[in-house]
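Residue numbers (this note's numbering): 25 to 522.
This report concerns only the one structure given below.
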Amino acid sequence: MSVRVRFAPSPTGYLHIGAARSALFNWLYARKTGGTFLLRIEDTDVQRSTDESTRSILEGLAWLGLDYDEELVFQSANADKHRAAALSLVEAGRAYRDFTPKEERSDKNVKQEIAARARLASNEGTDHRANPFRDLPPEESNRRAEAGEPFAVRLKIAREGRSRFEDAVYGLQERDYSEIEDLVLLRSDSHPLYNLSVVCDDIEMRVTDVIRGQDHLTNTHKQILIYEALTASVPRFAHLPLILAPNKAKLSKRKHGEVVSLTTYRDRGFIPAAFRNFLALLGWSSEGEGQEIMSLAELTERFTLEGVHRSPAVFNFSDADPRQWTDQKALWMNAEYIRTLPLAELLPMVRAEFESAGLWRDEYETVRGEWFAKTVDLIRERFYTLKDFSGQGRAYFSDDFEFDSGADAKNLKKEPRLKELLPALGDRLEKLETFDAPSVEAELRAFSEEAGVKAGLLINASRTALTGQAVGPSMFEVFEAVGQTRSARRLRDAASRV
RNA sequence: GGCGCGUUGGUGUAGUUGGUUAACACGCCGCCCUCUCAAGGCGGAGAUCACGAGUUCGAGUCUCGUACGCGCUACCA
């Protein structure tokens, strides 16, 4: 039977990087096995689900290059089927109506309430499965329901026995039935609940392998019980280790902000292939040689569930240090992609960045196309994100650029003589017949000798005069990239900064 | 509280069936290169493999216990 996997995010916010990784692994597994990758939006929580979130999920997947097969499924559209399934379970005697009035629970303290309730129950020796309605005669149950009395539907868990399944990542999982409560399938307002909905949809979508976060590991037993009650075949499960924050806590929007959002990476100049590559290495490693830079094709070829780890991965970043706003390895990997990607693939990304920064000019793809490509190629070596092209690289493309204060101090203000030297150099260079790296170098070195200063002084001063920066590519290449007229002008203008 | 899962340098990871100085990547430090900064090359610091027992001639690798972390536990998803 061919593999069918799905990614089933709930649209209650942006696409979380942990979710993005789940999507990636599902996609890789599907493509690797020649299977099918399905997408289902779990929008059953009407309160929290938003169309905007759904859009951002779709955008995020597209950005990562993860295309899905078949049509998109919205879980909310299947609510009637889920409800019917629950009711059929009542008919079959595998579930029962619970007429206990709904207990209001504040979202905030659930965890404490659960613990408190558990402590209380163990102190009093009460069995949490002792529901008075579990064995209500069907006739009475039907009668009360027909009379309009509200009820929830709970799955009837067997009193004795153990649930077990083999997780592809975590191995054999066992849990005693006594640990599992008669879980609610349908709320008293007849709203189907998560566990029921996932199972029903996965059955309907004929999902063969459920690959998802480890936070679902223990609940899997409950879901298996629902599969069995529904007499459906149980899929194979593979749980993925969680991605943790530096303090080992679960990565969350509330506590960690935008670093966990996939769109942040797109907006801050990441290359999809780089981020995807980084994500793949969180909780998974390929067998064999330690190659870490892998294309989508290579990832697909090497991906196996056996290579998935059991221990959680820490996503390392520090909000105290802007240079480490996200994981350093992710940043490094992005830089690696920027400097090694075929130029033809990089150019459109730089163009997109320029368009949003207001730096794009149509001539860059016509008469200045060659210059544009050459310049991008020249400066990409030391950039970390696409943003750097319009930031640090701004002076190559616009006269409206900032001077780095450190660069000013280090290269211009330290030597008073530069006030005369720079304009003089500008005049000399302006007279050059041919203006390219070798000719500028020859002229600048000759000039420095005549002036009796070190070439390095002029070179470094020129760098700041021409680019506003203290760092950059080989200076003579920079002169060529900036061009004769602009170079001369900027050298003269720089006198005022000395 | 109960149940489950995990624990190799700061982070991501390698460590075949237990066998010598625990490997790689990122980050950090130094040197080379050099007009700066990167890149690249070379080198270095950093891990008593969570801790404690046990099995064994020998354990990161097997067993048990402890600690710590995380997850689940809801008429949330």
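The beta carbon of each residue, even a glycine, is placed where N, CA and C say it ideally should be.
Please find out if some non-hydrogen atom of the ligand FMN comes closer than 7 angstroms to the beta-carbon of residue i.
| i | result |
| --- | --- |
| Met-373 | Summarising the ligand content, the structure contains no ligands, and the ligand FMN is consequently not present. |
Since residue i and residue j are thought to touch, with beta carbons under 8 angstroms apart, how far apart are those beta carbons, to the nearest angstrom?
| i | j | result |
| --- | --- | --- |
| Pro-447 | Arg-516 | 4 angstroms |
| Leu-571 | Ile-65 | Nothing in the structure corresponds to residue 571, since the chain is present only between 25 and 522. |
| Thr-409 | Arg-290 | Not quite, the Cβ-Cβ distance comes to about 11 angstroms (not below 8 angstroms), so this is no contact. |
| Asp-233 | Ala-262 | 6 angstroms |
| Ser-46 | Leu-264 | 6 angstroms |
| Val-464 | Phe-500 | 5 angstroms |
| Leu-113 | Ala-253 | 5 angstroms |
| Asp-401 | Leu-367 | 5 angstroms |
| Pro-497 | Glu-405 | 7 angstroms |
| Leu-305 | Glu-316 | 6 angstroms |
| Thr-68 | Ser-221 | 6 angstroms |
| Gly-450 | Ala-381 | Actually they do not touch by this definition, with Cβ atoms about 28 angstroms apart. |
| Trp-51 | Leu-90 | 5 angstroms |
Using a Cβ-Cβ cut-off of 6 angstroms (strictly less than) and excluding sequence neighbours within five positions of residue i, which residues of its own chain qualify?
| i | result |
| --- | --- |
| Arg-188 | Glu-198 |
| Ser-342 | Gln-348 |
| Leu-196 | Glu-190 |
| Phe-407 | Ile-362 |
| Ala-103 | Pro-216 |
| Ser-165 | Arg-121 |
Among residues of its own chain, excluding the 5 on either side of residue i, which ones have a beta-carbon nearer than 7 angstroms to its beta-carbon?
| i | result |
| --- | --- |
| Arg-452 | Glu-467 and Phe-471 |
| Met-357 | Ala-298, Asn-301 and Phe-302 |
| Gly-37 | Ser-77 and Lys-277 |
| Asn-484 | Asn-435 |
| Ser-310 | Arg-326 and Gly-331 |
| Val-283 | Phe-341, Trp-349 and Thr-350 |
| Val-502 | Arg-487, Leu-490, Thr-491 and Gly-496 |
| Ser-80 | Tyr-38, Leu-39 and Thr-287 |
| Ala-43 | Pro-33 |
Do residue j and residue i come within 8 angstroms of each other at the CB atom, strictly closer than that value?
| i | j | result |
| --- | --- | --- |
| Ser-100 | Pro-35 | no |
| Asn-219 | Lys-180 | no |
| Val-29 | Gly-59 | yes |
| Ala-176 | Arg-141 | no |
| Pro-216 | His-333 | no |
| Gln-493 | Ala-433 | no |
| Ala-256 | Ile-227 | yes |
| Asp-460 | Glu-426 | no |
| Leu-490 | Val-506 | yes |
| Phe-413 | Ile-235 | no |
| Ala-192 | Arg-260 | yes |
| Arg-158 | Asp-206 | yes |
| Leu-371 | Ala-344 | no |
| Tyr-251 | Val-223 | yes |
| Ala-479 | Arg-487 | no |
| Leu-63 | Met-229 | no |
| Arg-178 | Val-134 | no |
| Leu-403 | Gly-415 | What sits at residue 403 in the sequence shown is Ile, not Leu. It is not a contact, given that the beta carbons lie outside the stated cut-off. |
Apart from the five residues just before and just after residue i, which ones in its own chain have a Cβ nearer than 8 angstroms to its Cβ?
| i | result |
| --- | --- |
| Val-27 | Tyr-53, Ala-54, Thr-57, Gly-58, Gly-59, Thr-60, Thr-232 and Asp-233 |
| Ile-204 | Ile-181, Ser-187, His-245, Lys-246 and Leu-249 |
| Lys-455 | none |
| Ala-519 | Leu-442, Lys-443, Glu-444, Leu-446 and Pro-447 |
| Thr-74 | Pro-35 and Thr-36 |
Task: the stretch 119 to 137 touching the stretch 83 to 91, judged by at least three CB pairs closer than 8 angstroms - done: In this structure the stretch 119 to 137 does not touch the stretch 83 to 91; the number of beta carbon pairs closer than 8 angstroms is below three.
Task: Whole runs of the beta strand (DSSP E) within the stretch 434 to 511, excluding any shorter than 3 residues - done: None, since the stretch 434 to 511 contains no complete beta strand (DSSP E) of that length.
- [ ] Count the C-beta pairs between the stretch 351 to 366 and the stretch 383 to 393 that are closer than 8 angstroms, then say yes if the count reaches three, no if not.
- [x] No, the stretch 351 to 366 does not touch the stretch 383 to 393.
TODO: Go through the stretch 133 to 161 residue by residue and report every complete run of the alpha helix (DSSP H) that reaches 4 residues or more, in order.
DONE: You should have 134 to 148.
TODO: Report yes or no: do three or more beta-carbon pairs, one from the stretch 252 to 268 and one from the stretch 331 to 346, lie closer than 8 angstroms?
DONE: Taking a cut-off of 8 angstroms on C-beta distances, the stretch 252 to 268 touches the stretch 331 to 346, as three or more cross pairs fall below it.
Task: Runs of beta strand (DSSP E) wholly within the stretch 177 to 201 (minimum 3 residues, chain order) - done: The stretch 177 to 201 contains these whole beta strand (DSSP E) runs: 186 to 191 and 195 to 200.
TODO: Could you tell me whether the stretch 431 to 445 touches the stretch 324 to 331, where touching means 3 or more Cβ pairs closer than 8 angstroms?
DONE: No: fewer than three Cβ pairs fall under 8 angstroms.
- [ ] Evaluate contact between the stretch 311 to 322 and the stretch 367 to 379, counting only Cβ atoms and requiring at least three cross-stretch pairs below 8 angstroms.
- [x] Because the criterion of three Cβ pairs below 8 angstroms is not met, the stretch 311 to 322 and the stretch 367 to 379 do not touch.
Task: Sequence ranges, beta strand (DSSP E) only - wholly within the stretch 245 to 320, length at least 3 - done: Secondary structure in the stretch 245 to 320: the beta strand (DSSP E) runs of 3 residues or longer, each lying completely within the stretch, are 260 to 264 in chain order.
- [ ] Return the chain-ordered ranges of every alpha helix (DSSP H) run that is complete within the stretch 68 to 143 and spans a minimum of 4 residues.
- [x] With a minimum length of 4 residues, the continuous alpha helix (DSSP H) runs that stay inside the stretch 68 to 143 are 75 to 88 and 103 to 115.
Open item on the list: So within the stretch 208 to 246, which uninterrupted alpha helix (DSSP H) runs reach at least 4 residues, ignoring any that extend past its ends?
Closed with: Correct list: 218 to 228.
TODO: Just list the alpha helix (DSSP H) runs in the stretch 324 to 396, keeping only unbroken ones of 4 residues or longer that don't cross its boundaries, in chain order.
DONE: Qualifying alpha helix (DSSP H) stretches, in chain order: 352 to 364 and 367 to 381.
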